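Presented below is the structure to which this report refers.
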Amino acid sequence: MNGPFRDSAIGAAVVLVVAAAIFYVFFGEGRNQLPGYDLTAEFRRIDGLTVGGEVRMAGVVVGQVAAADLSAGYRPLVRLRIQPGIEIPADSAALIHTDGLLGAKYVELQPGGDLDNLKPGDRFAYTQDAVVLQDLLETIVAEVKMRNGTPGTEEPAR
Numbered sequence: 564m565n566g567p568f569r570d571s572a573i574g575a576a577v578v579l580v581v582a583a584a585i586f587y588v589f590f591g592e593g594r595n596q597l598p599g600y601d602l603t604a605e606f607r608r609i610d611g612l613t614v615g616g617e618v619r620m621a622g623v624v625v626g627q628v629a630a631a632d633l634s635a636g637y638r639p640l641v642r643l644r645i646q647p648g649i650e651i652p653a654d655s656a657a658l659i660h661t662d663g664l665l666g667a668k669y670v671e672l673q674p675g676g677d678l679d680n681l682k683p684g685d686r687f688a689y690t691q692d693a694v695v696l697q698d699l700l701e702t703i704v705a706e707v708k709m710r711n712g713t714p715g716t717e718e719p720a721r
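Start counting at 1 in the sequence shown, then tack on 563, and there's your number in the working numbering.
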């Protein structure tokens, strides 16, 4: 493979790759999203929560995380895609949980008792952020050091 034929083959390959990339950008997004309607939830932090992650209610998957962006106040704003036919009371809460001790993060919806339901585009009024294991362990270690009078800390009260 020499000369003009090789150059033509390389050029054709480049054109195909560029065409495939353009096709993906314009037509490929959203193909993996579930049908349904979107709700939003604003958190202080969403450590470990990923787009495509599960949304559960009472342990049953009812949707997925469709997007995560920053709000105008620099807080994470998460868009949840909820499956058709799933009704969520207006006073429900969205909480970020971990599947097991070190598992994947997901959004757990705790239904409220309101007779009205959230409508497409509505925002959850009540949210709870992800618990960061490292922050939790640092708090526990600091508390133990303070109570035991570990070297480098204040002496315990007598």
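Even glycine gets a Cβ: it sits at the ideal position worked out from N, Cα and C.
Just so we're clear, the structure is a prediction, and the values are computed from it rather than from any experiment.
For Gln691 and Arg656, believed in contact at Cβ under 8 Å, the rounded distance
It is worth fixing the name first, because residue 656 is Ala in this sequence and not Arg. Separation of the CB atoms of Ala656 and Gln691 is rounded to 7 Å, and the pair is thereby assigned contact status at 8 Å.
Would you give the residue range spanned by the beta strand (DSSP E) that Ile651 belongs to?
Run containing Ile651: none; DSSP gives neither H nor E here.
Looking only at its chain, what residues have a beta carbon closer than 8 Å to the beta carbon of Phe568, apart from the 5 residues adjacent to it on each side?
Here the set comprises nothing.
Would you call Pro639 buried or exposed, if buried means 16 or more other Cβ atoms sit within 10 Å of its Cβ?
buried
Indicate whether the contact test is met: 3 or more Cβ pairs, each with one atom in the region 612-631 and one in the region 573-583, closer than 8 Å.
no
Give a yes or no on whether the C-beta atoms belonging to Glu671 and Leu658 are separated by under 8 Å.
yes
Can you check whether the CB of Val641 is closer than 8 Å to the CB of Ala693?
no
In whole angstroms, what separates the C-alpha of Val581 from that of Ser571?
15 Å
Are the beta-carbon atoms of Leu681 and Arg644 separated by less than 8 Å?
Against a cut-off of 8 Å, the Cβ pair of Arg644 and Leu681 comes out as no contact.
If the criterion is Cβ atoms closer than 8 Å, does the pair Gly599 and Pro674 meet it?
no
State the Cα-Cα distance for the pair Gly684 and Ser634, rounded to the nearest angstrom.
15 Å
Residue span of the beta strand (DSSP E) that contains Val694, given as start and end
Neither: Val694 is in no beta strand (DSSP E) and is coded neither H nor E.
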